[in-house]
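2 protein chains.
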Amino acid sequence: MKARCTECGTRYSMDSIRYECRCGGLLELVQDFRGVDAEQLKREFAKRLGERHTPLASGVWRYKELIAPELPLEALVTKGEGNTGLYSPPAVTSYAGCRRLWLKALGENPSGSFKDHGMTAAVSHGRFLGFRRFACSSTGNTSSSLAMYAALMGGEAHVYVPEGTVSENKVLQTLAYGAVVHRFAGTYDDGIRFLREQAGELGLYVGNSVNPFRIEGQKSIIYETAQDLSWQLPDWIVLPGGALSNVSALGKGLRDLYELGFIPRLPRVAVVQAEGASPFHRMMEAGAAELVPEPAPSTRASALNIGHPPSWRKAALVLQETKGVTVAVTDEDILNAKAVVDASGVGCEPASAAAVAGLRRLVSHGIIDREETAVCLLTGHLLKDTDAVGAYHLGGGPEALYANKMNRVRL
Amino acid sequence: MKARCTECGTRYSMDSIRYECRCGGLLELVQDFRGVDAEQLKREFAKRLGERHTPLASGVWRYKELIAPELPLEALVTKGEGNTGLYSPPAVTSYAGCRRLWLKALGENPSGSFKDHGMTAAVSHGRFLGFRRFACSSTGNTSSSLAMYAALMGGEAHVYVPEGTVSENKVLQTLAYGAVVHRFAGTYDDGIRFLREQAGELGLYVGNSVNPFRIEGQKSIIYETAQDLSWQLPDWIVLPGGALSNVSALGKGLRDLYELGFIPRLPRVAVVQAEGASPFHRMMEAGAAELVPEPAPSTRASALNIGHPPSWRKAALVLQETKGVTVAVTDEDILNAKAVVDASGVGCEPASAAAVAGLRRLVSHGIIDREETAVCLLTGHLLKDTDAVGAYHLGGGPEALYANKMNRVRL
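Each protein sequence line maps, in turn, to chains P and H. Mapped onto the working numbering, the consecutive letters of the first sequence carry residue numbers 1411 to 1821. Mapped onto the working numbering, the consecutive letters of the second sequence carry residue numbers 1411 to 1821.
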């Protein structure tokens, strides 16, 4: 297993874990796809849809040849993650305004979010190297996923979660899985900085997306979406941007599929940020070469509350390669879009709905054409943040355009 | 489609909806399994595991021939429910004390609970009959499932949820799916009584388990478990008992599998109630012929807060047929068992953990032998009741034997 610095190209063996290059750049796994026969793999992937008794039943490990061919099956820590639904509710399509829309409901993963795709890969790799102690900084979804997989393999999870700005359901979920939950006054970014400095010494395997195995696992989200659509992706993939690891993983997955000949062309990528935490969008809009961190990120879509996204360089490259765009939306836009997605029977957490709100804005501004098609990645389950549901429907004020009220009756 | 009264045997056509016999007994669907070739169906069911693009991809509709052969595929309202994991975490097996234990994680269903298995069948039938308005009384899981499927088909959900004794996450989830949520001072049982009297007049299709289609859909839980175990069920199936519809569905499913020759013998069934809401256990223990309702049911496992379980007669019959047993466990037992299940990386809501607590008690009393094997049905997702997680871990007192604490740090 080898990795390469995405900045300077230096190569490293991944027989031990390493999160960044000596130059400070992020690493990415180097896959050797020589000799891969795409048509034969397509048939193999189709056959594995019927699998139930091996790790290949997972929507991540189904694609093992393209993710971590070197890891032995026995090392894998898996819950059959992936295999989530792809829905086309008419009300959401019409709200977004494009011709055809699919929602990829990643909240149907075992821990309730898309993080499971990457985390099964990272924890499996850590276990393979002999680690028993795992760590992350998190706005909640990463921590519950890491804690779940660490528990499943009988290991230990140490998670660093900011006070206050995180959905309590996620923190409690993490605590229930038995993790050591370290809460601190500060932001996600402070947690990342702390782990960068301390993890090695503390003997912790870091499960954040600076870990290149997270990215390899997360690639499976676009593999699965493409397979589900018979390897014909729509014009656009729209997704929320927080730490931006999902953008980086999406880009790597798309590149794989295109280079291997699984898909005939690259779709365009649209990254949606919340206005209160949109340093990446501001950078792209300004055509700047460097990201200026947002020191006090603030959005009700708590999973997007990240001011210094570690993967911004990788994400910028993905947008360049796919003729992608960025957009920022208000919390009101996000929560109204969420109400529409929820009431369609699909449901999601606030950050996920940013994708739909962003798509709507891009269509209304003519950047995405009404005749085009799109997939929105819904990153987390409705149950991940019920406080947001209560705040919107029971006390949301005039901006809560689709508020549903509670009805008190006597029977 | 025909139904039969489980009390007096009177038959009814189900071309219109009916929930009970003129004699007051509950109805059950009459299936005509003549001409069914079990071996051929097994092959068909195995083949469908690879399905992704039709309703037969669902872990309910995979078994359509045995559930609702008359419903056209186009009528089905489905989210690919079922297809949930079966886990054997060593820590939970050792806690329960039997030789081999599987946990069926029904909380991995789209709305987060086992109710989706039955609700896809009921809402599909209602839609087939031309209904657009659906209703239920609920401790929370039924209501969120009904609301989700009603939303998915573009219909309306009217749910009756007691004040106070229900997990708020579930109520908010139901509200988010767009249901009209009627909250009232009273119990689940009052809601059922109200709907029995009013639903017909109000034009509502009732999705509670008095509806025999719910039971047919729920049968798929044991079908899927059996298929996953290569049609070799363990010695015991252990499940929590609230409204007891899951017991009645389990029994009907087991009977189907045994009569059709899918399984060589019937496993024994153990029903676990919470001590504060255990009228069924008390009846069985006393060898009484009639259930005496509990007027003030009270347990922290809110999904079990039911004093007058509608399906008690059907459940008693299931226990008779399977040489089954009942047991009651305290809230402390339930919450400690939940902590063990959660920390294993599987996770569940409190009511689900009653199954594990009950199994442990039955093993320790020698009613289930240490050399026997069991499946526990975990009915709901960990995220369904995070208040219970907070109460246990952050303020549970000395009875919370496995409490995990939050750690406040400065980075």
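The beta-carbon is built from N, C-alpha and C at its ideal position, and this holds for glycine as well. All values derive from a computational prediction rather than experimental measurement.
For D1779 (chain P), the closest alpha carbon among the candidates P:V1571, P:Y1422 and P:A1506 is that of P:A1506. At least 8 Å separates the CB of S1619 (chain H) from every CB of chain P. DSSP places A1413 (chain P) in the uninterrupted beta strand (DSSP E) bounded by K1412 to C1415. Within the stretch 1507-1530 of chain H, E1518, P1520 and G1522 place their CB atoms closer than 7 Å to a CB of chain P, listed in sequence order.
In the DSSP secondary-structure assignment, K1514 (chain H) is bridged to H:L1496 and H:L1787. Here the stretch 1423-1439 of chain H makes no contact with the stretch 1632-1641 of chain H; the two share fewer than three CB pairs at distances below 8 Å.
Residue nearest to G1550 (chain H) within the set H:L1714, H:T1420 and H:A1753 is H:L1714 (criterion: CA-CA distance). Two segments are said to touch when three or more pairs of C-beta atoms, one from each, lie closer than 8 Å; by this definition the stretch 1679-1693 of chain P touches the stretch 1647-1657 of chain P.
Annotated as proximal: L1511 (chain H) and C1786 (chain H), with beta-carbon spacing under 8 Å. Close to H1592 (chain P), with beta-carbon spacing below 7 Å, are these residues of chain H in chain order: N1817 and V1819. The alpha-carbon separation between L1804 (chain H) and K1733 (chain P) amounts to approximately 49 Å. At a cut-off of 8 Å between C-beta atoms, E1578 (chain P) counts as an interface residue with respect to chain H.
For L1664 (chain P), no Cβ of chain H is located within less than 8 Å of the residue's own Cβ.
Apart from the 5 residues on each side of it in sequence, I1673 (chain P) sits with its Cβ closer than 8 Å to the Cβ of A1636, W1641, Q1642, L1643, L1664 and L1667 in its chain, given in chain order. Short of 6 Å from the beta carbon of E1480 (chain H), and not among the five residues preceding or following it, lie these beta carbons of its own chain, in chain order: M1411. Here Y1802 (chain H) has L1745 and A1810 as same chain residues with Cβ atoms under 6 Å from its own Cβ, once five neighbours each way along the sequence are excluded. Among the residues of chain H, none has a CB under 9 Å from the CB of A1764 (chain P); the nearest is roughly 17 Å distant.
Close CB contacts of E1695 (chain H) within its chain, under the 8 Å cut and outside five residues either way in sequence, are with T1736 (chain order). A distance below 8 Å separates the beta carbons of G1522 (chain H) and L1793 (chain H).
Apart from the 5 residues on each side of it in sequence, D1645 (chain P) sits with its Cβ closer than 7 Å to the Cβ of P1677, R1678, E1782, T1783 and A1784 in its chain, given in chain order. Around the beta carbon of K1815 (chain P), fewer than 16 other beta carbons sit within 10 angstroms, so the residue counts as exposed. For L1664 (chain P), the enclosing alpha helix (DSSP H) begins and ends at S1655 to L1670.
G1755 (chain P) belongs to the set of residues whose beta carbon lies under 8 Å from a beta carbon in chain H.
Cα atoms of S1712 (chain H) and T1416 (chain P): separation of roughly 51 Å, rounded to the nearest angstrom. As for any alpha helix (DSSP H) of minimum length 4 sitting wholly inside the stretch 1598-1625 of chain H, the runs are 1598-1612, ordered along the chain. At least one C-beta of chain H is nearer than 8 Å to the C-beta of G1601 (chain P).
Taking the beta carbon of V1533 (chain H) as reference, no residue of chain P falls within 8 Å; the closest one sits roughly 10 Å away. Per DSSP, the beta bridge partners of R1818 (chain H) are P:R1593.
Runs of alpha helix (DSSP H) with 4 or more residues, each lying fully within the stretch 1717-1792 of chain P, are found at 1722-1731, 1741-1753 and 1760-1774, listed in chain order. Against chain P, the CB of F1544 (chain H) has no partner CB under 8 Å away; the residue lies outside that interface. Partner residues in a beta bridge of C1418 (chain H), as assigned by DSSP, do not exist.
In the structure shown, R1543 (chain P) adopts extended strand secondary structure according to DSSP, grouped into three states. In chain order, G1495 make up the part of chain H whose C-beta sits under 8 Å from the C-beta of G1490 (chain P). Per the coordinates, the alpha-carbon of E1626 (chain P) lies some 7 Å from the alpha-carbon of A1478 (chain P). Taking the Cα positions, Y1587 (chain H) is about 22 Å away from N1493 (chain H). The shortest CA-to-CA distance from G1419 (chain P) to any of P:I1427, P:D1425, P:R1432 and P:S1426 is the one to P:R1432.
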